[in-house]
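Notes follow the structure.
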Amino acid sequence: MNYNKLTLTPSIMHRVTSEVAASTGHSVTLVDTSDDILKKAVKGIEGSLKRVVKKKFADKPEAGEEFVQKVLQNVSTSTDAGSAAQGADLVLEAIVENLKIKQDLFSGLDKLAPAHTIFASNTSSLPISDIASSTNRLDRFGGLHFFNPVPMMKLVEVIGTSATSQETFDSLLNFSKMLGKTPVSCKDTPGFIVNRLLVPYIVEAIRLHERGHGSKEDIDIAMKLGAGYPMGPFELSDYVGLDTMKFIMDGWNEKDPDNPLFAPSEMVNKLVAEGKYGKKTGEGFYKYK
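The sequence shown begins at 316 in the numbering used here and counts up by one.
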């Protein structure tokens with residue numbers, strides 16, 4: 316089955332998720348309130364596809380151009396989320412990590428989307444059950460958490476709540492496989508699997524540095540050469556975004572304030588307050604040109 320997939324808010328994450336979906340034959344509708352943002356998103360997909368084509372079709376430029384155009388035919392845009400939702404089999408959301416905003420969005424779409432439409436959130440930290448509570452389709456609601464860069468990263472965390480039907484969960488697993496991804500089944504717990512292990516690891520590395528037990532450079536080198544990780548914890552936190560790290564830890568700390576793993580980091584709080592989020596702002600733990 317090929318899905319008519321509605322992607323809400325073409326962030327970088329969902330622009331590339333849409334690219335992957337369109338490349339595997341799914342009809343994708345990108346939705347935003349701004350035509351300019353939508354045009355930039357489609358342009359971004361086209362640019363990314365052309366970079367892929369340069370490598371994949373190096374000896375067959377005509378076949379490469381045909382591939383690009385074929386994929387782009389699967390992508391449409393709309394500034395009317397309600398209208399787009401009416402023709403969707405799957406609504407996949409990747410808007411700002413704010414529970415109230417996500418709930419309001421899904422609450423409105425719930426009244427407009429067909430009864431069979433599955434809703435899914437790409438949240439990395441918010442409980443799926445809390446987001447789903449604003450709808451009347453708890454059995455058709457789940458999580459699809461992709462990882463950046465989406466075209467390269469094979470993993471998708473598929474999250475089911477206690478109310479998610481087996482049919483819905485199986486559909487989300489199958490959709491992930493149709494994108495060429497490897498899905499893992501997750502419970503609706505803080506951080507699911509990857510972030511629940513990864514974020515405390517990164518924060519503990521930061522605390523090690525805060526205590527004066529190692530420089531950030533030495534800690535990064537140690538984890539790359541000693542543990543075989545492709546990036547050290549400080550490099551990784553800059554890549555993820557210190558604002559994102561802080562948001563996740565603050566949310567977990569609010570729900571479980573007695574858990575020392577979720578305690579805030581003074582160093583992260585200071586850098587975020589100074590607007591130093593990492594690679595995206597040009598400076599975090601390290602400086603970037």
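In this text, a Cβ means the ideal position worked out from N, Cα and C, and glycines have one as well. Treat the numbers as computed from the prediction; the structure is a model and nothing was measured.
Check: In whole angstroms, what is the alpha-carbon distance linking Ser486 and Gln401?
Finding: Roughly 19 Å separates the two Cα atoms.
Notebook entry, point to check: Which whole runs of the beta strand (DSSP E) in the region 322-391 are 3 residues long or more, in chain order?
Noted result: Unbroken beta strand (DSSP E) runs of no fewer than 3 residues, entirely contained in the region 322-391, are found at 342-346, following chain order.
Margin query: Buried or exposed for Pro548, going by 16 or more other Cβ atoms inside 10 Å?
Written below: Buried is the call here.
Margin query: Can you tell me where the beta strand (DSSP E) holding His460 begins and where it ends?
Written below: Where His460 is concerned, the enclosing beta strand (DSSP E) stretches over Phe456 to Phe461.
Notebook entry, point to check: Do you know offhand how far Gln481's Cα is from Gly593's?
Noted result: Between Gln481 and Gly593, the C-alpha separation is close to 40 Å.
Checklist line | Member of Val471, Gln384 and His431 whose CA lies at the smallest distance from the CA of Leu453 | finding: The residue with the shortest Cα to Cα distance from Leu453 is His431.
Check: Taking only runs of the alpha helix (DSSP H) that begin and end inside the region 402-465, which ones reach a length of at least 4 residues, in chain order?
Finding: Entirely contained in the region 402-465, the alpha helix (DSSP H) runs reaching 4 residues are, in chain order, 414-425 and 443-447.
Check: Which runs of the alpha helix (DSSP H) fall wholly inside the region 484-531 and span at least 4 residues, in chain order?
Finding: Whole alpha helix (DSSP H) segments, 4+ residues: 509-525.
Check: Based on Cα-Cα distance, which residue from Pro545, Glu472 and His528 lies nearest to Phe507?
Finding: Closest in alpha carbon position to Phe507, among Pro545, Glu472 and His528, is Glu472.
Note to self: Does the structure place the region 570-581 close enough to the region 536-553 that three or more beta carbon pairs sit under 8 Å?
What the structure shows: As far as the Cβ criterion goes, the region 536-553 does not touch the region 570-581, which means the pair count is below three.
Checklist line | Residues of its chain near Leu465, where Cβ-Cβ distance is below 8 Å and the 5 sequence neighbours each way are ignored | finding: Sequence inspection shows Val at residue 465; the Leu mentioned does not correspond to that position. Only Met328, Val331, Thr332, Glu334 and Val335 meet the Cβ criterion.
Notebook entry, point to check: Where His460 and Ser439 are concerned, what is the direct C-alpha to C-alpha distance, given to the nearest angstrom?
Noted result: Going by the C-alpha atoms only, they are around 6 Å apart.
Next item on the list: Can you tell me the Cβ-Cβ gap for Ser436 and Lys417, rounded? I've got them flagged as a contact below 8 Å.
Entry: Taking the Cβ atoms as the reference, Ser436 lies roughly 6 Å from Lys417, within the contact range of under 8 Å.
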